[in-house]
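**Q** Residue 83 is where the sequence shown starts when you use my numbering, and the numbers rise one by one after that. C-beta: ideal position from N, C-alpha, C; glycine also.
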Amino acid sequence: MHITLSALLSLAHLSLTLAATTSNAISSIANATLTPPIRYYLKTSVIDDDDSDKNDLYVTSWHTGAGFGDATLRPFSTLNKTVGFLNDTRQQFDLYTSITYGMIMAPSDNLEHVAWNFVRINDLASNAGDGSMSGFFFNASGLQWEGEGVWMSAGWLACDWWHGVPQLFWVFSRHLTSIPSSCAIVELLPFAV
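(1) Assuming L270 is part of the beta strand (DSSP E), what are its boundary residues?
(2) On the three-state DSSP scale, how would you describe L161?
(3) CB-CB under 8 Å to S143, same chain, minus the five flanking residues each way: which ones, in chain order?
(4) Taking the alpha-carbon of M215 as reference, which of V196, D131, G229, N162 has the nearest alpha-carbon?
(5) Would a C-beta distance cut-off of 8 Å place P272 and K136 closer than the cut-off?
(6) Between which two residues does the beta strand (DSSP E) containing G151 stretch?
(7) Kindly identify the DSSP beta-bridge partner or partners of P248.
(8) Could you tell me which residues DSSP pairs with T126 in its beta bridges?
(9) Short check: CB of L250 to CB of V201, under 8 Å?
(10) On a Cα-Cα basis, can you pick out the residue from C241, T259, G224 that is closest to Y123?
(11) Below 8 Å on the Cβ atoms is my guess for W198 versus W244; work out the distance and round it to an integer in Å.
(12) Within 10 angstroms of its Cβ, does M187 collect 16 or more other Cβ (buried), or is it exposed?
(13) Alpha carbon to alpha carbon, how far is P119 from H145?
(14) Specify the secondary structure class of V196 as computed by DSSP and reduced to three states.
(15) Would you kindly report the start and end of the unbroken beta strand (DSSP E) that includes N137?
(16) At a cut-off of 7 Å, is N162 close to the ligand SAH when judged by its beta-carbon and the heavy atoms of the ligand?
(17) Taking a contact to mean a Cβ-Cβ separation below 8 Å, would you say I181 touches A148 in this structure?
(18) The beta strand (DSSP E) with I186 in it runs from where to where?
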């Protein structure tokens, strides 16, 4: 079999074009907005650390005051049911009360010294508190939050903190170089109720 240089170069060009097209298609699929189940639990999936104790935990609300809660992570239990649902671009929760709760991305006044901050689950009627309540969506990597400007979200962090159970934080630094040893970078995946 005899292949000319011209044919070989054409084949190489076709191969590179197909590779680039496939790569772009995969990237587009990964970033495409997906519709989650109507009601779901949010479950952690640790990125790059299969042995982490932060894997396979569910988002729950840790009561911190009337209408206020921190987003914590616990093994599944019927006692800690925090059922999520997406209301337009708001990540909301049914805590089995007459009040609707929502995920609040707490702001930080100290952007120069921190790379992540608290996630709250607060009463949306009267105690939303400071922070953003909208901009949530799902893609192939699970729940995402689309902040603006310096509040651009770069993902989720699960850390051992002050409640005695792992706590959920949102990362706003795309240049996160290190995290505490008690933390893991996680995705939040929806599991239908």
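**A** According to the structure shown:
(1) 265-274 is the extent of the beta strand (DSSP E) around L270.
(2) In this structure, L161 counts as helix in the three-state DSSP scheme.
(3) Here the set comprises G151, D152, A153, T154, T164, F175, L177, Y183, I203.
(4) Of the residues V196, D131, G229, N162, the one whose Cα lies closest to the Cα of M215 is G229.
(5) Not in contact: P272 and K136 (Cβ atoms no closer than 8 Å).
(6) G151 -> beta strand (DSSP E) spans 150-156.
(7) Bridge partners of P248: D242.
(8) BP columns for T126 point to L270.
(9) Yes.
(10) Closest by alpha carbon: G224.
(11) With 8 Å as the limit, W198 and W244 do not qualify as a contact, their Cβ atoms being about 15 Å apart.
(12) So M187 counts as buried.
(13) Going from the Cα of P119 to the Cα of H145 covers about 26 Å.
(14) DSSP places V196 in coil when its eight states are reduced to three.
(15) Per DSSP, N137 is not a residue of any beta strand (DSSP E), being assigned neither H nor E.
(16) Ligands in the displayed structure: none, and consequently the ligand SAH is not present.
(17) Cβ atoms of I181 and A148: not closer than 8 Å.
(18) Boundaries of the beta strand (DSSP E) harbouring I186: 182-187, taken from the DSSP string.
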